[in-house]
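First residue of the sequence shown? That's 135 in the numbering used here, and the numbers climb one at a time after it.
The next block holds one structure in the form of structure tokens; read it before the comments.
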Amino acid sequence: MSGDELRGESSLPPAAQPTRKVRVRRTRSVTESLLSIVLLLESFLVFFVTLVVYGLRALDPVVTFVGGAVFIVLLLATSGVLRHPAGIAFGWLLQVALIATGFITIPMFFVAAVFAGIWVFCFVKGRQIDRQKAEYAAALSQPTDS
135 MSGDELRGES SLPPAAQPTR KVRVRRTRSV TESLLSIVLL LESFLVFFVT LVVYGLRALD
195 PVVTFVGGAV FIVLLLATSG VLRHPAGIAF GWLLQVALIA TGFITIPMFF VAAVFAGIWV
255 FCFVKGRQID RQKAEYAAAL SQPTDS
């Protein structure tokens, strides 16, 4: 083996080297990024709320931990599909479900409402920023009349 081959370099001329497909990463919208951050934070919240509900013995331990785990998985899975309108709609549904946990422990009405407010803010601001970015990109692609 030559020194080039040991370093992972090919001794073939560039035209004879095998071509590799370069995987281009999909760019995420600002809305998708912000909402996925909110859902991640809510998954931490649900973890700690699960521990609180268990400690208060508000529900059966099996129901508490299974329900908490399912809720966390739904939050994390939804953060992965926010590029689709159905993913965002399901995120809104999860906000309502999070507020509904106030029926298990009353302070969750307030805490979940704060997180739902953060969700709404991120949704509105993310859409606004995405719209401005699209307008800017369109303005850059327009030929100027000089």
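From the three backbone atoms N, C-alpha and C, an ideal C-beta is built for every residue, glycine too.
| CB-CB length for L169 against L216, believed under 8 Å | Taking the sequence shown and counting its residues from 1, one reaches residue 169 at position 35. Taking the sequence shown and counting its residues from 1, one reaches residue 216 at position 82. Correct: roughly 5 Å between the Cβ atoms.
| For T184 and G260, believed in contact at Cβ under 8 Å, the rounded distance | Walking along the sequence shown from the start, residue 260 turns up at place 126. Walking along the sequence shown from the start, residue 184 turns up at place 50. In fact, because the Cβ distance is near 28 Å, the residues do not count as touching under 8 Å.
| Are there 16 or more other CB atoms within 10 angstroms of the CB of E153, so buried, or fewer, so exposed? | Along the sequence shown, one-based indexing puts residue 153 at 19. First, the amino acid is wrong: residue 153 is Thr here, not Glu. So T153 ends up on the exposed side.
| task | Report the rounded CA-to-CA distance for A272 versus L175, giving the unit in angstroms. | result | Numbered from 1 along the sequence shown, position 138 holds the residue referred to as residue 272. Numbered from 1 along the sequence shown, position 41 holds the residue referred to as residue 175. If you take the alpha carbons of A272 and L175, they lie about 34 Å apart.
| request: Go through its chain and collect everything with a Cβ distance to F249's Cβ below 8 Å, but skip five positions before and after it. | output: Taking the first residue of the sequence shown as position 1, residue 249 is located at position 115. Closer than 8 Å at the Cβ level, and outside the excluded window around F249, lie V172, L175, E176, L179, Q229, L232.
| So, is G225 buried or exposed, given that buried needs 16 or more other C-beta atoms within 10 angstroms? | For this step, residue 225 is matched to residue 91 along the sequence shown. The residue is buried, with at least 16 neighbouring Cβ atoms inside 10 Å.
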